[in-house]
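Count the sequence shown with mature numbering (1 follows the signal peptide of the UniProt record, and there is no 0) and you get residues -20 to -1, 1 to 233, in order.
In this text, a Cβ means the ideal position worked out from N, Cα and C, and glycines have one as well.
Below you'll find the structure, written out as structure tokens, and then a few comments.
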Amino acid sequence: METSIAFVLLFSLLAVSSVAEKFDFFYLVQQWPGSFCDTRQGCCFPDTGKPAAEFGIHGLWPNYAKCGRGRGEELASAVLGEDDVAFFSGAVGRRGKCWPEFCDDGNALSLWEVRDLVASLNRNWPTLSCKSGRSFEFWSYEWKKHGTCSNLAQHDYFARALAIKAAYNLTAILAGAGIVPSDTATYSLSSVRDAIAQGTGFTANLECNRDADGNAQLFQVYQCVDRQGKKLIDCPLSMPTKCSSDQLKLPLF
Ligand code: AMP
């Protein structure tokens, strides 16, 4: 009897550990709708209407801290601790990427699982794609590509992304530093970086894109989050900003 209980425990432990994804931290990626929309590609509003002039969530992405060799590695060790990074180093660069993706294609997002979050998701995680106005398709894609690698249940994955966004209102933090949407003003990259670091208490990575006239503008903010998806951390890795100029726009929307 005792032996069979021990076997059941051992097998369930093995089953759980074989599906648990190894990664080091999450990126919570938020985007400025104005900068998504005014590129040559353009955008479409969701069927719930024009989103508010606020950052919207793009996704919550599991990421490896050790990707490639060099400075990034040292930085990752300094932030996460040698032991953590060493523990996860076996997972680095699998399929040639710096992150795990599409970990369980059989696990499709169920609207029922997130039914109490739908109003908040519509407000905070709206689609801007012209393929369909249904934000559920965007959430489903993000869940399938990134969420299935998060070791979180569907509800927790979306609830934690929403909770972090709500705890650190990037639009208000930037406005507090005088960085407000405008079609004419420009802001230095370092002023945006400093405002976010001071306003949230943690460093983040920034990404620019270009408007139809080629002007650099703030497109996405990558905040770094612990493996539970609960607490911000300083970003273990830096990444190329793709900002073609030091002066950025935050276009009206
Ligand atoms: P990912 O692979 O998670 O980086 O997602 C990239 C895909 O999401 C691309 O096809 C983008 O065009 C799309 N995407 C990015 N932002 C949005 C948005 N706000 N609404 C709909 N699709 C988006």
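If we count the other Cβ atoms within 10 Å of its Cβ and call it buried at 16 or more, is residue i buried or exposed?
i: residue 95; result: exposed
i: residue -2; result: exposed
i: residue 145; result: buried
i: residue 82; result: exposed
i: residue 212; result: buried
i: residue 24; result: exposed
i: residue 147; result: exposed
i: residue 92; result: exposed
i: residue 204; result: buried
i: residue 4; result: buried
i: residue 156; result: exposed
i: residue 29; result: exposed
i: residue 112; result: exposed
i: residue 164; result: exposed
In the DSSP assignment, find the unbroken alpha helix (DSSP H) run with residue i in it and report its ends.
i: residue 149; result: Looking at the DSSP string, residue 149 is not in any alpha helix (DSSP H), and its letter there is neither H nor E.
i: residue 42; result: Taken as a continuous stretch (DSSP letters only), residue 42 belongs to no alpha helix (DSSP H), being part of the beta strand (DSSP E) at 36 to 43.
i: residue 160; result: Careful: residue 160 lies outside any alpha helix (DSSP H) and carries neither H nor E.
i: residue 16; result: 13 to 17
i: residue 175; result: 169 to 180
i: residue 125; result: 115 to 125
i: residue 103; result: 98 to 104
Cutting at 6 Å between CB atoms, please list the residues of its own chain near residue i, excluding the five before and the five after it.
i: residue 167; result: 159 and 228
i: residue 179; result: 153
i: residue 174; result: none
i: residue 206; result: 213
i: residue 182; result: 212 and 214
i: residue 200; result: 9, 11 and 187
i: residue 31; result: 13 and 106
i: residue 40; result: 6, 8 and 141
i: residue 223; result: 169, 188 and 196
Considering only residues of the same chain and omitting the five flanking positions on each side of residue i, which have a CB-CB separation below 7 Å?
i: residue 221; result: 169, 186, 187 and 188
i: residue 198; result: 12, 15, 172, 186, 188, 228 and 230
i: residue 208; result: none
i: residue 225; result: 196
i: residue 78; result: 43, 44 and 47
i: residue 104; result: 36, 37, 142 and 145
i: residue 161; result: 14, 33, 230, 231, 232 and 233
i: residue 237; result: Since the displayed the chain opens at -20 and closes at 233, residue 237 lies outside it and no answer follows.
i: residue 125; result: 81 and 82
What residue range does the beta strand (DSSP E) around residue i cover?
i: residue 187; result: 184 to 190
i: residue 215; result: Careful: residue 215 lies outside any beta strand (DSSP E) and carries neither H nor E.
i: residue 203; result: 196 to 205
Spatial neighbours of residue i within its chain, please: C-beta separation below 8 Å, excluding the five flanking residues on both sides.
i: residue 219; result: 185, 187 and 202
i: residue 234; result: Given that the chain is displayed from residue -20 to residue 233, the structure contains no residue 234 and the question cannot be resolved.
i: residue 110; result: 22, 23 and 24
Hey, does residue i have any beta-carbon neighbour from chain C nearer than 8 Å?
i: residue 158; result: Structure shown: chain C not included; a single protein chain is present.
Say whether the region 127 to 145 touches the region 83 to 94, bearing in mind that this needs 3 or more beta-carbon pairs closer than 8 Å, one atom from each stretch. yes
Pair every Cβ in the region 179 to 196 with every Cβ in the region 11 to 31, then say whether three or more of these pairs are closer than 8 Å. yes
For the region 120 to 129 against the region 147 to 159, are there 3 or more C-beta pairs whose distance is under 8 Å? no
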